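Residue numbers (full-length UniProt numbering), protein chains in the order written: chain A, 1 to 217; chain B, 1 to 217; chain C, 1 to 217; chain D, 1 to 217; chain E, 1 to 217; chain F, 1 to 217; chain G, 1 to 217; chain H, 1 to 217.
Even glycine gets a Cβ: it sits at the ideal position worked out from N, Cα and C.
What you are looking at is a predicted structure, and each value in this text was computed from that prediction instead of being measured.
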């Protein structure tokens, strides 16, 4: 039997539906969690669910889950989108950051917020970012996803009046292989109003955005 | 003459009035900045203004500034408070974190938001935090200030539905002397919805909160 | 032939029976150690024994060992439990910490102490911990196992009068991937009376608890 | 007025009387804390009280405190020693570690435990340690204080059956200047049963020892 | 007598006149070096010459040196400027970086290259940088000086075709206090063609630029 | 469909043709990028293209690419060499650095510069370097590639008048396993005029050299 | 063809015959190096030669090499032992350190020095070390091999008058997983006369010992 | 009274006379140690004795000590030099390393070995080192002292057949400010036979050299 204790009350208390972080969990624990959830027809978000883990789930369960390989997330019993107005925009520096950015996008959708993903607008090609800046300015919260040197965070925060939630990614090599360089850039930003979450934590950035939106809508 | 280029337009562009980070600036640069500002009757916030730097400013200028030793901030031409509703609450773990917490409080006030400071509610005395939790829950954004192991960030985020902006402080010794332990706790928090700013960056947390409030009010 | 020199006298000298740390040891060394022990009918605890290593041991030997996959430990010739009173309680933050917590539990059992394992009481769901706190308070020594930001250590130490032995785990990603964030939290705890052992060292925490119990019982 | 909130109940809850960590506190906060305590005739332990801070306290207050320059501690209203049996022994590697060791000794005394301090028994002169080992073996808990490479922790733990609480100190230069080398040695000890506290945290080691003793006596 | 061995041949061999790095040198060594140089009427550049060190030099010597407090450099027997064409441009992010930028500017002048310094064009105010970009594009080599998160390096390298030599500065606090965040940004830049020198090494960046210019002119 | 946005204008803006960094990119993205390029008959450089990734490309595409296993680079539609004069020389310390050095060499060739590679001239055999120094001195820019302790950078910079672009490599073990020791040596070099790029970044060093050559030829 | 340049003169210049560090070298380079050597009947030592690499060498070559799996070394054309007197003794802390210790032992043998290996005498069982100390004291140079906390280095250096060459090993987990804890212990040793080499560098320690012996015999 | 326990037997046991490391010791402890020593007419070496500490010793004691400000060492009752043959040579990279190099030189002299100091032969001016190499080759042991990137260690070890004891120094700024870059270079040296001691540990290098010399003479 699993050691997992189900927390049905979390959404009531903290405003965000519980998600299951799958990395490092055993196959039997994962199977038990999903079965429990589907039996109770609850909404379920699974993050960091590798394709290997996904393959071990039983066919009946896989049929009821919407799995996305890019973001390594699975969703069950998605609630209808309730936020159609322009709340959150996800901006991402390079092709390799798309996986983390999509984790944020799917987490937002799971919590009822549809958010566009504007990809490949890193600062090395500043004109690409400037071409999209008017669209980005229409949103109330910006989630910025970038690896390597993470210059996107400061540049964006200097161009928009919305708060910027930075998601540093472990994209790069040498001094940026582990995402530490991008994380330091987010923390040391010369532009006020940048907040950051852990490296690769697209889920956490989305959860924070959901909490902000829920306070005001 | 100073190398400083004045940025009159910043508030229009980014939603936060410019503040002057004084640490490491020469006395002559500081004097020039304040004189320019007072002549134009602009609002001015100076952060990390040490008592030594403060003492070198001319008496005429000091008379026109509201200097606070605890937070090492000076304010001129404060605009009237425009946010009286319950927007932001500052929660702080120990007596030694009050300096950074007050920097956040003064920055909020400078931007028109009055925020209470609930001090000395670290997790070693959990009952003190629980005694205050209902009051804290009345606010839309929580700024949490803590040094040492920074456990306050996760505990708070598990108790409230508001987003938590963590400010790790360089309070402690040994492994926490430089604030890195508290920073790591904010980033690695097991509670979703915690965002963080740089170590001791009370100003930055307040600037982010101002940006959020401005989006929705 | 193996380079291993058997230390029959260790238990007499230090109060803890010798355990074999298997990680990085060759299969032939492991086989020789177990054979020697079984021949002499001595109690034996093997830690960090991977399923791959386990599979290379001869069938006759495997039959005489009690192997547990979760904790990666094997035990032979277990002595009867001699401590039935409430000495040690193991508290663990998340599902992913159970492996390390079980290593502690099995080490205690090997040394004659039966300890309960209270799992999934991390601080993000503080009410789960508070629901169990009266039970935890009945024990003389608490072993707390947590990864990510390790806030559990300080919260527990503020709630109980027993000494807390912290076991930081390498559970998490980004800044907490290697357990350093949880380790720093244990060391920098704002609550007096927290002691810590190495990352993932469930064995070490149990050994320390055994030494304490042996001094007083 | 001070931000300090007095915690009269702590001793009841956690078994250790509250101590005031003075480093980084303002002179006015310190003065207020001591005045409050003396007025209520409570026992008070102040740690990391520098001679500069000590000098700023009012003469009336200084008269009622027992200040010790080596350990930078002050004690008021000391309770009579209640533990005369052989509970805790402090062992310290070099002359430069005596300051931290004395902080532990004074904290123990404040909590009613008299503990001997065996100094200058570092492993470079192993015979000095071996000369004292029989005396050390008579105690139930050993607090070991060492800087530089911290080899004392492992050597001691291999020689005694009592649990060893390691206090790494920031004694040394180059790679050991900040105490990190000694801390790593405590954590990575090849001898089971070593627990550690933060660098220079003589107070914390003593608090942990007090908690253990209180559980069993 | 000084341990210093004079290296008259260095300029011939490496293309850059020798400079004296004064930090950490004794007053008597400094005095001997300058005396030797002035007696031989050689050009001399002294870097990291603090105002305290400057004050200890004899009045006769101080009279023959051109000392600049901002850059902490002194120059004697300056050769006439030989490069009037547009070779090197120095771009600097904030007011606090001016000291390091001026060290680069003075080193270039000492080697016969006059370079403009465009200050306070950090990326938080991107429009200030864009206002100056056409002027910057007229130069063959760009020296970029920035602290905090060092986003300027990547943004500049994406906007100009000239090679960018990055000089990270120890400007900031928390994670950027020591210049490591800016250094990582220079190394991990997503824009090809960024090279970097050590933190605060305005001299080194200028020396590299001199070597490039000397190869081609 | 791929998230990749093609940047046809980059060469015009920054002087270096766009290269595709393949590490971490999906097979479908890679296939799409190459197809697009070949259809438009544009020059293409792919770096960090592993043999596994190479094998997944379609046979028609592999036929049109020149793949080099040592450097893990592929080139299509190479322009004729336009720089025949002695511009850039690559010097490399050990056999294990040849992979990174060849990445630089192929990047230079892709940009029209033929550069010799002088291998295995590390400082442990100083005479081998001295035997080649006259040949090296004939070039205007030196790219130096070295792992382990990276002493080659300083020694070379002291022997030639050309600027040295250092490429630290992750060659070694223990303290130099990740290239950090060589990187520090490049940054802390006692010889003026050393610039560095990220660990293993042969491409970046070549891109910088191309930018320099383009400015002057 | 290989990039390897043969260095026939090294032994003459530096007193140690050249060894080939195989880690990271391609199979074709390794094959070429051995063929060249055997053709010229030179002595050859190969270190870090994995069993996978070993298997790729041609059968004719493998026949002429003496390969040892524990130390991952291969030797050809071994010269007769010339040092029979008691020069070097290798002491090693745990079973897991034997691999590195044997690399040292085989390197010594390759250079004509026969050295005993005294294994499993870590400080957690101090009596085992003391049982062997008289034998160890008969040698002129001690090579000490230890991982985890590396306490052996200081203890040994305090017990013998011979110089101690420390070889920290990457044996352990958590803070000692990469050998950094043992390395710091060697560097910060409280016992004078400890010198250290890189983590796992058994070859380097032996090479240093050979150089010392050659100076005096 | 002092906590210091005198160790008269150390020289007999370990071959090196005891030295007193003064940094961090109180003035009363220092005074007591010297008085004890002079009363017994023993030889005494004090290291890291700052000029402030020196000034606090009583005039009678200062008269009997030979204090050297550069190396911050004091010596009493020096034994006559017994080693006049060419045993140890000290080589030092820059002017700023002379302080540490002199600590080594004075420690050798205290132990009866006269060693020359060849200063300012860093690798940036390789010809200066080569000019002195024949003299250096006449010695049996080389102590090399260098800060910044520490390239001297590898270059020297490739040029001489004697063993090289590296002393990294905290000379430099940015990445080399704390001596870590030079330390890594010593450990990662591509030249076999380099051993290293802690940063700035001139005393330790000399002690190791003394131990070697004593074994063979």
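For this session: Please go through the same chain and pick out, in chain order, the residues whose beta-carbon is closer than 6 Å to the beta-carbon of residue 44(F), but skip the five residues on each side of it.
Result: Counting only Cβ-Cβ distances below 6 Å, and skipping sequence neighbours, we find 37 and 76.
Problem set entry | Neighbourhood of residue 197(G) by C-beta distance below 8 Å, restricted to the same chain and skipping five residues each side | Excluding five sequence positions before and after residue 197(G), the CB atoms of its chain that fall closer than 8 Å to its own CB belong to 165, 166, 167, 204, 205 and 208, given in chain order.
Exercise. Can you name the residues of chain G whose CB is closer than 7 Å to the CB of residue 67(F)?
Worked result: Against chain G, the beta carbon of residue 67(F) has no neighbour under 7 Å; the closest one sits roughly 16 Å away.
Problem set entry | Assigned exposure category for residue 137(D) - 16 Cβ within 10 Å defines buried | Exposed is the call here.
For this session: Could you tell me whether the Cβ of residue 215(E) comes closer than 8 Å to any Cβ of chain F?
Result: Among the CB atoms of chain F, one or more fall inside 8 Å of the CB of residue 215(E).
Exercise. Is residue 70(A) near residue 49(A), with beta carbons less than 8 Å apart?
Worked result: No, Cβ-Cβ distance for residue 70(A) and residue 49(A) is not below 8 Å.
Exercise. Does DSSP classify residue 101(F) as helix, strand or coil?
Worked result: Helix.
For this session: Between the Cα of residue 25(A) and those of 117(C), 119(C) and 97(C), spot the shortest distance and give me the residue it belongs to.
Result: The shortest C-alpha separation from residue 25(A) is found at 97(C).
Exercise. Could you give the distance in angstroms between the alpha-carbon of residue 27(C) and the alpha-carbon of residue 66(A)?
Worked result: So the two alpha carbons sit approximately 44 Å from each other.
For this session: Could you list which residues in chain C have their beta carbon closer than 9 Å to that of residue 161(G), in chain order?
Result: What residue 161(G) touches in chain C: nothing, since even the nearest Cβ is about 26 Å away.
Exercise. Does the beta-carbon of residue 58(E) have 16 or more other beta-carbons within 10 angstroms, so that it is buried, or is it exposed?
Worked result: Label assigned to residue 58(E): exposed.
Problem set entry | Straight-line gap, residue 54(A) to residue 30(A) (C-alpha atoms, nearest Å) | Near 9 Å, if we compare the C-alpha coordinates of residue 30(A) and residue 54(A).
Exercise. Applying the criterion that 16 or more other CB atoms from any shown protein chain within 10 Å of the CB defines a buried residue, is residue 217(C) buried or exposed?
Worked result: That one is exposed.
Problem set entry | Beta carbon proximity, residue 230(E) to chain F, threshold 8 Å | No answer is possible for residue 230(E): the residues shown for chain E start at 1 and end at 217.
Exercise. Is residue 171(D) closer than 8 Å to residue 151(D) when the C-beta atoms are compared?
Worked result: Judged by beta-carbon spacing, residue 171(D) lies beyond the 8 Å limit of residue 151(D), meaning their Cβ atoms are not closer than that value.
Exercise. Going along chain A, which residues have a C-beta under 7 Å from residue 179(F)?
Worked result: 174, listed in chain order.
Exercise. Can you tell me whether DSSP reads residue 212(H) as helix, strand or coil?
Worked result: In the three-state reduction of the DSSP assignment, residue 212(H) falls in the helix class, which pools H, G and I.
For this session: Give the straight-line distance between the Cα atoms of residue 187(B) and residue 181(C), rounded to the nearest whole angstrom.
Result: One C-alpha to the other measures close to 9 Å.
For this session: State the start and end residues of the unbroken beta strand (DSSP E) segment that holds residue 45(B).
Result: 44-47 is the extent of the beta strand (DSSP E) around residue 45(B).
Exercise. Is it buried or exposed for residue 135(G), if we count other Cβ within 10 angstroms and need 16 for buried?
Worked result: Burial call: exposed.
Exercise. Any idea what DSSP makes of residue 120(C), helix, strand or coil?
Worked result: Three-state DSSP puts residue 120(C) in coil, outside helix and strand.
Exercise. Does DSSP put residue 178(D) in a helix, in a strand, or in coil?
Worked result: Residue 178(D) sits in coil when the DSSP states are folded into three classes, being neither helix nor strand.
Exercise. Beta-carbon separation of residue 118(B) and residue 212(A) under 8 Å?
Worked result: No, these two residues do not count as a Cβ contact at 8 Å.
For this session: Please work out which residues of its chain come closer than 6 Å, Cβ to Cβ, to residue 140(G), disregarding the five sequence neighbours upstream and downstream, and give them in chain order.
Result: Scanning its chain for C-beta atoms nearer than 6 Å, with the 5 sequence neighbours on each side dropped, one finds around residue 140(G) the residues 87 and 162, in chain order.
Exercise. DSSP three-state call for residue 133(G): helix, strand or coil?
Worked result: Of the three classes helix, strand and coil, the one that applies to residue 133(G) here is helix, per DSSP.
Problem set entry | Where the stretch 140-170 of chain B meets chain A: residues whose CB sits under 8 Å from a CB there | Listed by position, the residues of the stretch 140-170 of chain B near chain A (Cβ gap below 8 Å) are 140, 141, 157, 158, 159, 160, 161, 162, 163 and 165.
Exercise. Is the beta carbon of residue 149(A) less than 8 Å from the beta carbon of residue 185(A)?
Worked result: Pairing residue 149(A) with residue 185(A) gives a Cβ-Cβ distance under 8 Å.
Problem set entry | Which of helix, strand or coil DSSP assigns to residue 169(H) | Under the three-state reduction of DSSP, residue 169(H) is assigned to coil, being neither helix nor strand.
Exercise. Residue 130(E) to residue 40(B), Cα distance in whole Å?
Worked result: Residue 40(B) has its alpha-carbon roughly 26 Å from the corresponding atom of residue 130(E).
Problem set entry | DSSP state of residue 73(H) mapped onto helix, strand, coil | In the structure shown, residue 73(H) sits in a strand (DSSP, three-state: E or B).
Problem set entry | Proximity of residue 145(F) and residue 104(F) at Cβ, strictly below 8 Å | Cβ distance < 8 Å, so residue 145(F) and residue 104(F) count as in contact.
Exercise. For residue 200(D), which residues in chain B fall below 7 Å Cβ to Cβ?
Worked result: Annotation: Cβ neighbours of residue 200(D) in chain B (cutoff 7 Å, chain order): 173 and 174.
For this session: In the DSSP assignment, find the unbroken beta strand (DSSP E) run with residue 144(D) in it and report its ends.
Result: For residue 144(D), the enclosing beta strand (DSSP E) has its first and last residue at 141-146.
Exercise. If residue 169(F) sits next to residue 91(F), beta carbons under 8 Å apart, how far is it from one beta carbon to the other, in whole angstroms?
Worked result: With a Cβ gap of about 13 Å, residue 169(F) and residue 91(F) do not count as contacting.
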